[in-house]
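Numbering (my numbering), first residue to last: 0 to 202. Just so you know, even glycine gets a beta-carbon here, dropped at the ideal spot from N, CA and C. Report on the structure given below.
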């Protein structure tokens, strides 16, 4: 596996979801939607993070998401790691926008440097081995967090313990049913130990 080309969010109303994502983040083909009514409740076990260059970009993207209909889970604030905020899209997906910078270094912009899919897993070590066996190299690991080295991938991948990821997102870790997420890569199709579905990347 060398790259995640896209993530597909399964939503009740693809037209509304497309309009939301175009207005909120403008991520193009890296984030797709398709219709689904698969049962799901509570935390779906993943978040999507947009890593940007400066605080004004965080505010810009969070503000546009809220204006388009997102719900604020964590207002934009400074932390030990930089500046970030978390919102939940109308379809239920959770998005974090963050930067390691604490001050702006240029004009306000909307450019996203990196998209990171963070998946909540029951056993971080076991899931790390699972993905390493499929060709992924571990880039960073600390505590209950693993980030893979995928320099050419349009979407990056990380693993997090479920409670830790839910806390980072500002939600309860409780949840059942479908993740309502499909991951398009050059390694699919398969389903991982936590039920995340991978499928061949589509053009």
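DSSP places residue 110 in no beta strand (DSSP E); its state is neither H nor E. By the C-beta density criterion, residue 90 is buried, having at least 16 other C-beta atoms within 10 angstroms. Residue 31 has 7 as its beta-bridge partners, per DSSP. Distance between residue 128 and residue 158, taken at the CA atoms: about 11 Å. Taking C-beta separations shorter than 7 Å and ignoring five residues to either side along the sequence, the partners of residue 40 in its chain run 174, 175, 176, following chain order. Using a Cβ distance threshold of 8 Å, residue 98 and residue 86 do not count as a contacting pair.
Of all alpha-carbon atoms in 101, 117, 143, 148, the one lying nearest the alpha-carbon of residue 76 is that of 101. When DSSP states are grouped into helix, strand and coil, residue 102 belongs to the coil group.
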